[in-house]
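For reference, the structure discussed in these notes is given below.
There are 2 protein chains.
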Amino acid sequence: METKGSSINQEAVITPQQLFEHWQAHRGLTRKVIAIFPEDELFNFSIGGMRPFADMVKELLAIAEPGLKEIATGKKEELNENLMVNTKLQLLEMWDKTSETLPGLWEKLSTDAFQKSILAFGQYEGTIISTILYFIDNEIHHRGQSYVYLRALGITPPPFWER
Amino acid sequence: METKGSSINQEAVITPQQLFEHWQAHRGLTRKVIAIFPEDELFNFSIGGMRPFADMVKELLAIAEPGLKEIATGKKEELNENLMVNTKLQLLEMWDKTSETLPGLWEKLSTDAFQKSILAFGQYEGTIISTILYFIDNEIHHRGQSYVYLRALGITPPPFWER
Numbered sequence: 019m020e021t022k023g024s025s026i027n028q029e030a031v032i033t034p035q036q037l038f039e040h041w042q043a044h045r046g047l048t049r050k051v052i053a054i055f056p057e058d059e060l061f062n063f064s065i066g067g068m069r070p071f072a073d074m075v076k077e078l079l080a081i082a083e084p085g086l087k088e089i090a091t092g093k094k095e096e097l098n099e100n101l102m103v104n105t106k107l108q109l110l111e112m113w114d115k116t117s118e119t120l121p122g123l124w125e126k127l128s129t130d131a132f133q134k135s136i137l138a139f140g141q142y143e144g145t146i147i148s149t150i151l152y153f154i155d156n157e158i159h160h161r162g163q164s165y166v167y168l169r170a171l172g173i174t175p176p177p178f179w180e181r
Numbered sequence: 019m020e021t022k023g024s025s026i027n028q029e030a031v032i033t034p035q036q037l038f039e040h041w042q043a044h045r046g047l048t049r050k051v052i053a054i055f056p057e058d059e060l061f062n063f064s065i066g067g068m069r070p071f072a073d074m075v076k077e078l079l080a081i082a083e084p085g086l087k088e089i090a091t092g093k094k095e096e097l098n099e100n101l102m103v104n105t106k107l108q109l110l111e112m113w114d115k116t117s118e119t120l121p122g123l124w125e126k127l128s129t130d131a132f133q134k135s136i137l138a139f140g141q142y143e144g145t146i147i148s149t150i151l152y153f154i155d156n157e158i159h160h161r162g163q164s165y166v167y168l169r170a171l172g173i174t175p176p177p178f179w180e181r
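The listed protein sequences derive, respectively, from chains A and B.
My numbering applies: residue 19 is where the first sequence begins, and numbers increase by one.
My numbering applies: residue 19 is where the second sequence begins, and numbers increase by one.
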């Protein structure tokens with residue numbers, strides 16, 4: 019990655035490295051939310067017919083690594099949210115495995131890759147930058163929902179700004 | 019703004035214009051959520067002791083225009099969430115007024131402004147890019163919470179990807 023180890027390009031709105039760190043900081047906060055959730059409620063608690071938070075986390079896991087792999091390698095990936103995960107520990111282990119894999123995939127992205135077009139998961143049209151922003155925004159959206167679940171359960175979520 | 023009306027800089031992770039459009043698309047979705055909320059519930063419905071969505075919207079209004087004004091002009095702004103707004107119509111009117119004001123403020127930002135440091139509202143340290151991303155992320159976060167409120171009220175929120 020061009021910016022790595024070098025000084026920041028002062029002309030850039032955001033550098034690849036900054037965008038990656040931004041995403042990883044959000045993933046760190048989401049991990050805290052998974053960890054604070056009581057296991058039973060993580061897999062079963064719901065409001066208004068919405069999915070339990072574990073199912074939203076499975077979606078985030080189904081997107082992050084396969085999605086970035088597709089972006090980095092150009093090889094088509096399937097969107098498979100039906101992960102065989104039944105415990106909080108397994109969910110956290112998958113989360114951490116993803117965190118270990120993402121940096122190596124991100125390294126493959128050159129600075130001029132972000133404006134290129136992509137059909138993510140064979141169905142979502144966009145540019146690489148719009149796709150990555152979608153991944154991040156979608157995580158913030160569902161984690162915001164998990165904050166309501168936690169409050170409804172009488173649990174204080176981690177501060178949103180603490181990443 | 020340098021990118022306006024010109025071809026896209028293929029080397030940019032994201033251009034100022036793209037970032038602004040991204041934010042405005044999110045603001046458009048949030049407007050749809052405000053509009054779909056029943057007025058009484060907008061100001062009074064709550065889960066787990068959280069604020070009604072109208073109060074979260076007041077926070078977003080207190081941030082967007084004053085925050086961008088401070089970024090664009092360098093003149094200190096106060097964070098004042100105690101807006102005298104008691105109806106959905108007033109809230110939507112304030113939202114639309116902000117939407118009209120933001121483009122002229124954004125125009126003042128040159129491409130090399132984003133990496134500069136700022137103390138937003140006299141208290142939040144960061145760069146201009148980290149501050150703007152915080153504004154956007156904070157809106158997604160609270161709007162995600164409003165989706166749970168709507169579902170709990172038996173109302174289908176607008177699709178997250180429809181912006």
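All C-beta atoms in this analysis are idealised placements derived from N, C-alpha and C, irrespective of residue type, glycine included.
Residue span of the alpha helix (DSSP H) that contains L120/A, given as start and end: 106–124
Under 7 Å, CB to CB, which of the residues in the region 119–152 of chain B have a partner in chain A? T129, D130, F132, Q133, I147, L151
Starting from A80/B, follow the beta strand (DSSP E) in both directions and report where the run begins and ends. Where A80/B is concerned, there is no enclosing beta strand (DSSP E), although the alpha helix (DSSP H) it sits in stretches over 71–91.
Below 9 Å between beta carbons is the criterion; list the residues of the region 24–48 of chain B that meet it against any residue of chain A, in chain order. I26, N27, Q28, E29, A30, V31, I32, T33, P34, Q36, L37, H40, H44
According to the Cβ coordinates, are A170/B and I65/B closer than 9 Å? yes
Cutoff 9 Å: K108/B Cβ touching any chain A Cβ: According to the sequence provided, residue 108/B is Gln. The question's Lys does not apply to it. Chain A, which has no Cβ nearer than 9 Å to the Cβ of Q108/B, makes this no.
Going along chain A in order, which residues have a C-beta closer than 8 Å to the C-beta of K166/B? The amino acid occupying residue 166/B in the given sequence is Val; Lys does not appear at that position. Here the neighbours are I65, G66, M68, Q163, V166, Y167.
Does the beta-carbon of S164/B have 16 or more other beta-carbons within 10 angstroms, so that it is buried, or is it exposed? buried
Give me the residue from L123/B, T145/B, K115/B, I147/B with the minimum Cα distance to G46/B. K115/B
Residues of its chain near G23/A, where Cβ-Cβ distance is below 7 Å and the 5 sequence neighbours each way are ignored: Residue confidence is low: G23/A scores 43 on pLDDT, short of 50, so the model does not pin down where it sits. Its coordinate-derived value is still stated next. No residues qualify anywhere along the chain.
At which residues does the beta strand (DSSP E) containing S135/B begin and terminate? 135–138
Are the region 79–95 of chain B and the region 110–124 of chain B touching, with three or more C-beta to C-beta distances below 8 Å? yes
Applying a beta-carbon distance threshold of less than 7 Å, which residues of chain B neighbour D155/A? I158
Report back the beta-carbon spacing between L97/B and A72/B to the nearest angstrom; my notes put them in contact at under 8 Å. Contact annotation, L97/B with A72/B: C-beta distance approximately 17 Å; criterion of less than 8 Å not satisfied.
Residue-chain proximity (G172/B, chain A), Cβ-Cβ < 9 Å: yes
Look at the Cβ atom of I209/B, then the Cβ atom of F55/B, and state whether they are nearer than 9 Å. Because chain B spans 19 through 181 in this model, residue 209/B falls outside it and cannot be assessed.
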